[in-house]
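Undergrad:
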Amino acid sequence: MMLKISPENWSFLIEFAWLCAKAAGLLGFVSLSVMFLIWWERKISAHIQSRLGPMIVGWHGCLQTIADTIKLLLKENIVAKDADKVSFWLAPLVSFVAAFLPFAAVPFAKHLVVQDFGLGLLYVFAVSSLGVIGVFMAGWGSGNKYSMLGAMRASAQIISYEIPLVLSVLSIVMLTGSLNMAKIVEAQGQVWFAFSQPIAFLIYFISALAETNRAPFDISEAESELVAGFHTEYSGMKFSMFFLAEYTNMFIVSAVAATLFLGGWQGPFLPGIFWFLVKVYFIIFLMMWIRWTFPRFRVDQLMNFAWKFLVPLAFLNILATALFLVVKK
Amino acid sequence: MIKRIKRIFSDSFSLIQGLAVTAKYLFSPAVTLQYPKQRWTPPARYRGRVALRPKKCISCQMCARACPNYSLEVKFNLGEDKKRKLSGFIYHLDTCLFCGLCVEPCPTAAIFMNQEYELAVYERKNLVLDLTEKDKNVE
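Protein chains in written order, with this note's numbering: chain C, 246 to 574; chain W, 3 to 141.
Right under this line is the structure:
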């Protein structure tokens, strides 16, 4: 079928090209950011343990991640004998895409957003929870008991913590009356929601740690029990995709936290994107600090904590917010 | 119920204490030595390899007898005056266990342990040293 080149088609093509350009720019930013985060985490973990971390490649090892990436790219592609080939190959891609898609709705600065959704928040949570499918595909496709156990644990954990995560955000949505992230940021002109909704912020932060499978919630890849959990059989490029997805997930979770609770791009004097990134990196720093401080939860503790503590607390918080709104009216 | 709430608060406080500990270490200096670039100064009485002051040695073989692993071989010739003259001091670094027992009986303090700690070699035969050659200039 021939595509007729009419003015409407042209404008569609231009719009499509512009969208592609934005996506490519975002992908570049995310990759660079992840490289920085990996280096940063290695540095923080090293200094917490009185070590120096990477020091050889570049100034204080700042090019170490690039060297590691090249190494991973050049490695042989190994697929286990009993692996389910299709899901084994697709899993890293699904993981990364699910981590990358939510960026479309996150406002980096006042008008710096790929697509200003009316239902941005809903989109972010809907898409980011697809990541669990990638993790499960990896565990299933590897044909390895440790991978399978890790994937089962990860799925159980992510699905459990999704509930307090969304419930904590619900109180914010009740206060602003909007699911649009830009509007939520603008509603925090006077006071950040981290101060007016501290319990929601705490619940969000804890659930976000669990969502990204990071310590102290890293039972899905508990080294001492499961080798490496769902990515035991992965190496080279496919492993680096999982790594990329993990850090992208961290970034997106922190970006949502900064947008919903810390006033997003708002800040004095300097441009919005600066304040936004400062807030995001601060939350990521907190996540790293926690990772290198606390030991891992046990599986039963993890589930008890989600269902017996966080979920009731989130419901109480919603109730309190609703009462506050009714009284205010 | 009140007990439980109290526990939640005390436990949360302990989490913050834990974070404070790691924060302290985050800003304290690292203990790492960047080895090939930075070198370590061993303490004064560090036991590195066995070293010899050849001029002081009287070839009495006390050190070779003291060695539990027979790592030392003292070779000598008898001079005109019937005195022993040191002709070779073979040190088997591969069997040496750095105990320092050879140092103690030496009547002239000719044998001692120096500060060298980079003793790795590529071939085993290089572990057999003749100290009369190697420590020729040691006083």
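Ideal Cβ positions, reconstructed from N, Cα and C, are used throughout, including at glycine.
Would you mind sorting G270 (chain C) into buried or exposed? The rule is 16 or more other CB atoms within 10 Å of its CB.
TA: Numbered from 1 along the first sequence, position 25 holds the residue referred to as residue 270 (chain C). By the 10 Å Cβ count, G270 (chain C) comes out exposed.
Undergrad: Return no unless some Cβ of chain W is closer than 7 Å to the Cβ of H292 (chain C).
TA: For the purposes of this step, residue 292 (chain C) is identified with residue 47 of the first sequence, where counting begins at 1. With 7 Å as the cut-off, H292 (chain C) counts as an interface residue toward chain W.
Undergrad: Report the three-state DSSP secondary structure of L366 (chain C) (helix, strand or coil).
TA: Taking the first residue of the first sequence as 1, we reach residue 366 (chain C) at position 121. Helix.
Undergrad: At least one CB of chain C closer than 7 Å to the CB of A22 (chain W): is that the case?
TA: Translated into the one-based positions of the second sequence, residue 22 (chain W) becomes position 20. Taking Cβ atoms only, chain C never reaches closer than 7 Å to A22 (chain W), which makes this a no.
Undergrad: How would you list, in chain order, the residues of chain W whose beta-carbon sits under 8 Å from the beta-carbon of I289 (chain C)?
TA: What you label residue 289 (chain C) is simply residue 44 of the first sequence in a count that begins at 1. Within chain W, the residues near I289 (chain C) are L28.
Undergrad: On the three-state DSSP scale, how would you describe I113 (chain W)?
TA: Reading the second sequence from its first residue, position 111 is the one you call residue 113 (chain W). Strand at I113 (chain W).
Undergrad: Between the stretch 380 to 390 of chain C and the stretch 356 to 366 of chain C, do three or more beta carbon pairs fall short of 8 Å?
TA: With the cut-off at 8 Å, the stretch 380 to 390 of chain C and the stretch 356 to 366 of chain C do not touch.
Undergrad: If you draw a straight line from the C-alpha of L99 (chain W) to the C-alpha of A312 (chain C), how long is it?
TA: For the purposes of this step, residue 99 (chain W) is taken as the residue at position 97 of the second sequence. For the purposes of this step, residue 312 (chain C) is taken as the residue at position 67 of the first sequence. Each residue's Cα considered, the two are about 41 Å apart.
Undergrad: At 9 Å on the CB atoms, spell out the chain C contacts of A217 (chain W), in chain order.
TA: With chain W represented from 3 up to 141, any question about residue 217 (chain W) goes unanswered, as that position is not in the structure.
Undergrad: Straight-line CA distance for P299 (chain C) to Q309 (chain C)?
TA: Position 54 of the first sequence, counting from 1, holds the residue named residue 299 (chain C). Position 64 of the first sequence, counting from 1, holds the residue named residue 309 (chain C). So the alpha carbons of these two residues sit roughly 7 Å apart.
Undergrad: Specify, as a first and last residue, the run of the beta strand (DSSP E) that Y93 (chain W) falls within.
TA: Taking the first residue of the second sequence as position 1, residue 93 (chain W) is located at position 91. Unbroken beta strand (DSSP E) run through Y93 (chain W): R86 to H94.
Undergrad: Which of the three DSSP states, helix, strand or coil, is assigned to E75 (chain W)?
TA: Sequence index remark: in the second sequence, residue 75 (chain W) carries index 73 (1-based). DSSP places E75 (chain W) in strand when its eight states are reduced to three.
Undergrad: Have a look at F521 (chain C) and F496 (chain C) and give me their C-alpha separation to the nearest angstrom.
TA: The residue you call residue 521 (chain C) lines up with position 276 of the first sequence. The residue you call residue 496 (chain C) lines up with position 251 of the first sequence. F521 (chain C) and F496 (chain C): Cα-Cα distance of roughly 12 Å.
Undergrad: Note down the Cα distance separating S278 (chain C) from L319 (chain C), rounded to an integer number of angstroms.
TA: Working through the first sequence from its first residue, we reach residue 278 (chain C) at position 33. Working through the first sequence from its first residue, we reach residue 319 (chain C) at position 74. Straight-line Cα distance between these residues: approximately 22 Å.
Undergrad: Where does D545 (chain C) fall in DSSP's three states?
TA: Reading the first sequence from its first residue, position 300 is the one you call residue 545 (chain C). Helix at D545 (chain C).
Undergrad: Determine the DSSP secondary structure at D132 (chain W), reduced to helix, strand or coil.
TA: In the second sequence, counting from the first residue as 1, residue 132 (chain W) sits at position 130. Correct three-state label for D132 (chain W): strand.
Undergrad: In the DSSP assignment, find the beta strand (DSSP E) that holds A183 (chain W) and state where it starts and stops.
TA: Past the boundaries of the shown model lies residue 183 (chain W); chain W is included only from 3 to 141, so the question cannot be answered.
Undergrad: So, for E141 (chain W): in the same chain, excluding its five sequence neighbours on each side, which residues have a beta-carbon less than 8 Å away from its beta-carbon?
TA: Residue 141 (chain W) sits at position 139 when you count from the first residue of the second sequence. Here the set comprises R55 and K57.
Undergrad: Starting from T97 (chain W), follow the alpha helix (DSSP H) in both directions and report where the run begins and ends.
TA: To locate residue 97 (chain W), count along the second sequence from 1; it is residue 95. Premise fails: T97 (chain W) is in no alpha helix (DSSP H) and is neither H nor E.
Undergrad: Starting from the Cα of K267 (chain C), find the closest Cα among C:F438, C:F348 and C:F550 and give me that residue.
TA: Working through the first sequence from its first residue, we reach residue 267 (chain C) at position 22. Of C:F438, C:F348 and C:F550, the residue nearest in Cα terms is C:F348.
Undergrad: If we count the other Cβ atoms within 10 Å of its Cβ and call it buried at 16 or more, is N128 (chain W) buried or exposed?
TA: Locating residue 128 (chain W) in the second sequence gives position 126, counting from the first residue. Classification for N128 (chain W): exposed.
Undergrad: Give me the Cα-Cα distance between K553 (chain C) and M486 (chain C), rounded to the nearest whole angstrom.
TA: As a working note, residue 553 (chain C) is residue 308 in the first sequence. As a working note, residue 486 (chain C) is residue 241 in the first sequence. Whole-angstrom Cα-Cα distance: 34 Å.
Undergrad: Once you ignore the five residues that flank K483 (chain C) on each side, which residues in its own chain have a CB closer than 7 Å to its CB?
TA: Here residue 483 (chain C) refers to the residue found at position 238 when the first sequence is read from its first residue. Answer for K483 (chain C): P337, listed in chain order.
Undergrad: Can you check whether the C-beta of T538 (chain C) is within less than 7 Å of a C-beta belonging to chain W?
TA: Numbered from 1 along the first sequence, position 293 holds the residue referred to as residue 538 (chain C). It does; some Cβ of chain W falls within 7 Å.
Undergrad: Assuming C108 (chain W) and C65 (chain W) are in contact, meaning their beta carbons sit under 8 Å apart, how far apart are those beta carbons, in whole angstroms?
TA: Within the second sequence, numbered from 1, the residue matching residue 108 (chain W) stands at position 106. Within the second sequence, numbered from 1, the residue matching residue 65 (chain W) stands at position 63. That pair is a contact at about 6 Å.
Undergrad: Can you name, in chain order, every residue of its own chain whose Cβ lies under 6 Å from the Cβ of Q433 (chain C), other than the five neighbours on each side?
TA: Residue numbering aside, residue 433 (chain C) sits at position 188 when the first sequence is read from its first letter. Same-chain partners within the cutoff: G508.
Undergrad: Against Q36 (chain W), what residues of chain C qualify as contacts under a CB-to-CB distance less than 8 Å, listed in chain order?
TA: Translated into the one-based positions of the second sequence, residue 36 (chain W) becomes position 34. Residues of chain C passing the Cβ test: L297 and M300.
Undergrad: Look at the alpha carbon of F29 (chain W) and the alpha carbon of I293 (chain C), and state the distance between them as a whole number of angstroms.
TA: As a first step, residue 29 (chain W) is located in the second sequence; it is residue number 27 there, counting from the start. As a first step, residue 293 (chain C) is located in the first sequence; it is residue number 48 there, counting from the start. Near 8 Å, if we compare the C-alpha coordinates of I293 (chain C) and F29 (chain W).
Undergrad: According to DSSP, is L80 (chain W) part of a helix, a strand, or is it coil?
TA: As a working mapping, residue 80 (chain W) is identified with position 78 in the second sequence. Strand.
Undergrad: Buried or exposed for V275 (chain C), please, with buried defined as at least 16 other CB atoms from any protein chain shown within 10 angstroms of its CB.
TA: Here the question's residue 275 (chain C) lines up with position 30 in the first sequence. V275 (chain C) comes out buried.
Undergrad: DSSP three-state call for Y48 (chain W): helix, strand or coil?
TA: Position 46 of the second sequence, counted from the start, is the residue given in the question as residue 48 (chain W). Here Y48 (chain W) sits in coil by DSSP.
Undergrad: Applying the criterion that 16 or more other CB atoms from any shown protein chain within 10 Å of the CB defines a buried residue, is K84 (chain W) buried or exposed?
TA: Here residue 84 (chain W) refers to the residue found at position 82 when the second sequence is read from its first residue. K84 (chain W) should be labelled exposed.
Undergrad: How would you list, in chain order, the residues of chain W whose beta-carbon sits under 9 Å from the beta-carbon of W534 (chain C)?
TA: The residue given as residue 534 (chain C) occupies position 289 in the first sequence. L21, T24, A25 and L28, listed in chain order.
Undergrad: Can you tell me whether P215 (chain C) is helix, strand or coil according to DSSP?
TA: The requested residue 215 (chain C) is not part of the displayed model; chain C covers only 246 to 574.
Undergrad: I'd like to know whether the C-beta atoms of A473 (chain C) and E466 (chain C) end up nearer to each other than 7 Å.
TA: As a first step, residue 473 (chain C) must be located in the first sequence, where it is residue number 228. As a first step, residue 466 (chain C) must be located in the first sequence, where it is residue number 221. For A473 (chain C) and E466 (chain C), yes; Cβs fall inside 7 Å.
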